[in-house]
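In UniProt numbering, the protein residues as written are 1 to 455.
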């Protein structure tokens with residue numbers, strides 16, 4: 001393919017792969033070949049050196065070049081090495097059988113030949129696994145740890161390598177398709193909205209430089225033309241304090257960009273903070289649209305349970321530890337309990353009544369739901385149980401009914417076949433590719449619709 005289409009292949013990639021396989025096979029069987037081949041020692045040394053050089057070359061030479069995506073090219077190379085080693089292993093079984101039956105060699109030579117093959121094959125597998133470990137986001141740490149300790153245990157090692165390969169291959173196929181799609185629509189700039197995008201985080205997180213709250217979403221939006229800013233409010237504070245900080249950040253964005261307004265996309269409690277900033281701190285005139293993502297407009301049922309059942313002393317101890325930690329991480333005056341208490345059903349309902357829609361601002365509310373407690377890790381599976389008992393379907397933290405604004409369009413994200421979409425999935429918290437729900441593309445389409453609506 002051409003560079004404009006995003007993905008390039010070296011010329012005659014099939015020939016490249018075949019040559020690599022032949023090189024690996026010949027290098028792994030040099031002991032047997034030299035025993036059969038009656039040639040001068042000098043020729044054998046020359047062939048051995050040439051095979052060694054080619055073997056190392058094919059260990060590091062990539063078949064794939066993906067425009068602007070070096071990590072994907074390395075991931076593709078890792079998958080290629082695992083696939084090649086599998087074919088090589090099968091070919092070696094046939095070779096060993098042929099040598100054992102058809103060619104009379106000393107058993108010592110056969111053992112040496114198999115030993116050399118085993119070392120080189122495992123080196124190739126290790127190379128492939130290393131490339132995948134360094135460049136895959138979908139093969140999670142437990143699988144790498146299991147391989148580290150169980151690589152020598154058949155057939156567990158085969159199962160683990162197979163899982164790693166297939167997971168990395170699926171990731172590669174998806175990322176290559178996305179890279180190609182983004183290159184093809186680059187000139188369209190589907191996410192280049194009239195007003196810049198302000199992404200507002202929820203409670204218990206910050207806008208860190210080295211860990212993006214929104215995962216891979218901002219980079220995807222920027223690739224498609226979006227101008228992105230972040231809320232930068234503290235991780236845990238009362239709605240009022242967070243709203244004041246947001247209002248100041250909105251004015252800062254306006255001053256920096258010269259734009260008249262911003263499009264706000266706010267997750268979880270961030271949606272409440274934004275509504276307060278518009279209502280109480282004069283930010284409404286600078287906001288063109290507000291999209292709330294899994295925001296508890298009517299409260300979190302399980303927060304009421306926790307505040308009632310957790311002893312006050314324990315709650316204060318947790319709050320003190322949290323506040324101390326996040327002060328060190330950059331918050332000025334975090335208040336764990338102030339942030340949590342305002343998420344009760346009673347407080348959120350009161351807040352909702354006191355903060356009606358503001359004329360001139362386009363509102364929309366988005367929500368997802370988990371299918372079961374197995375849809376997400378702790379603490380979301382616990383939140384799922386606690387919420388479901390009182391409020392029905394939920395995302396692990398927020399009930400579906402709580403995310404609705406009676407005066408705004410309500411969007412449920414696409415249903416997935418198995419696991420559903422959790423509170424964390426909506427911000428790509430775990431950087432996980434979920435079957436039937438591409439969170440990055442979903443946000444691209446969301447922002448594209450804002451652009452189409454004139455925002």
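Positions of the beta carbon are idealized from the N, C-alpha and C atoms, including for glycine.
(message) Taking the beta carbon of residue 333 as the centre, do at least 16 other beta carbons fall within 10 Å, making it buried, or is it exposed?
(response) One-based indexing of the chain shown puts residue 333 at position 333. By the 10 Å Cβ count, residue 333 comes out exposed.
(request) Would you kindly report the start and end of the unbroken beta strand (DSSP E) that includes residue 230? (result) Sequence index remark: in the chain shown, residue 230 carries index 230 (1-based). Where residue 230 is concerned, the enclosing beta strand (DSSP E) stretches over 228–230.
(message) Helix, strand or coil, according to DSSP, for residue 439 in the structure here?
(response) Counting from 1 along the chain shown, the entry for residue 439 is found at position 439. The answer is helix: DSSP assigns residue 439 an H, G or I state.
(request) Determine the DSSP secondary structure at residue 310, reduced to helix, strand or coil. (result) Counting from 1 along the chain shown, the entry for residue 310 is found at position 310. Here residue 310 sits in coil by DSSP.
(message) Please list the terminal residues of the continuous beta strand (DSSP E) segment that includes residue 363.
(response) Position 363 of the chain shown, counted from the start, is the residue given in the question as residue 363. Per DSSP, residue 363 belongs to the beta strand (DSSP E) from 362–367.
(message) Below 8 Å, how does it come out for the stretch 267–284 and the stretch 324–333: are there three or more Cβ pairs, yes or no?
(response) no
(request) Return the CA-CA distance between residue 129 and residue 164, expressed in angstroms with no decimal places. (result) The residue labelled residue 129 in the question sits at position 129 within the chain shown. The residue labelled residue 164 in the question sits at position 164 within the chain shown. Cα-Cα distance, rounded: 8 Å.
(request) Taking only the alpha-carbon atoms, compute the straight-line gap between residue 288 and residue 257 and give it to the nearest angstrom. (result) One-based indexing of the chain shown puts residue 288 at position 288. One-based indexing of the chain shown puts residue 257 at position 257. Residue 288 and residue 257: Cα-Cα distance of roughly 15 Å.
(message) Counting C-beta neighbours from all protein chains within 10 Å, is the total for residue 342 16 or more, i.e. buried, or is it exposed?
(response) Working through the chain shown from its first residue, we reach residue 342 at position 342. Buried.
(message) Rounded to the nearest angstrom, what separates residue 1 and residue 450 at their Cα positions?
(response) Residue 1 sits at position 1 when you count from the first residue of the chain shown. Residue 450 sits at position 450 when you count from the first residue of the chain shown. With a pLDDT of 42 at residue 1, under the threshold of 50, the modelled position of this residue cannot be trusted; read the value that follows with caution. Between residue 1 and residue 450, the C-alpha separation is close to 33 Å.
(request) In angstroms with no decimal places, state the Cα-to-Cα distance between residue 51 and residue 225. (result) Working through the chain shown from its first residue, we reach residue 51 at position 51. Working through the chain shown from its first residue, we reach residue 225 at position 225. Answer to the nearest angstrom: the Cα atoms are 48 Å apart.
(message) Buried or exposed for residue 298, going by 16 or more other Cβ atoms inside 10 Å?
(response) By 1-based counting over the chain shown, the position of residue 298 is 298. Result: buried.
(message) Please classify residue 469 as buried or exposed, where buried requires at least 16 other C-beta atoms within 10 Å of its C-beta.
(response) The question about residue 469 has no answer, for the chain in this structure spans 1 to 455.
(request) Evaluate residue 5 with the Cβ neighbour count: other Cβ atoms within 10 Å of its Cβ, from every protein chain shown; 16 or more gives buried, anything less gives exposed. (result) The residue labelled residue 5 in the question sits at position 5 within the chain shown. With a pLDDT of only 40 at residue 5, under 50, the local geometry of the prediction cannot be trusted, and the value read off the model is given with reservation. The residue in question, residue 5, is exposed, as its Cβ has fewer than 16 Cβ neighbours within 10 Å.
(message) Taking a contact to mean a Cβ-Cβ separation below 7 Å, would you say residue 231 touches residue 246 in this structure?
(response) Residue 231 sits at position 231 when you count from the first residue of the chain shown. Residue 246 sits at position 246 when you count from the first residue of the chain shown. The answer is yes: Cβ separation under 7 Å.
(request) Consult DSSP for residue 355 and reduce its assignment to one of helix, strand or coil. (result) Residue numbering aside, residue 355 sits at position 355 when the chain shown is read from its first letter. Note: residue 355 maps to coil in three-state DSSP.
(request) Report, in whole angstroms, the separation of the C-beta atoms of residue 431 and residue 215, which I expect to be a contact under 8 Å. (result) The residue labelled residue 431 in the question sits at position 431 within the chain shown. The residue labelled residue 215 in the question sits at position 215 within the chain shown. Indeed they touch by this definition, with Cβ atoms about 5 Å apart.
(request) Can you tell me which of 313, 292 and 319 puts its alpha carbon nearest to the alpha carbon of residue 201? (result) Within the chain shown, the letter at position 201 stands for residue 201. Answer by Cα proximity: 292.
(request) Tell me where the beta strand (DSSP E) around residue 397 begins and ends. (result) Indexing the chain shown from 1 puts residue 397 at position 397. No beta strand (DSSP E) contains residue 397, which DSSP labels as neither H nor E.
(request) Tell me whether residue 314 is buried or exposed, calling it buried when 16 or more other Cβ atoms sit within 10 Å of its Cβ. (result) Counted from its first residue, the chain shown places residue 314 at position 314. Result: exposed.
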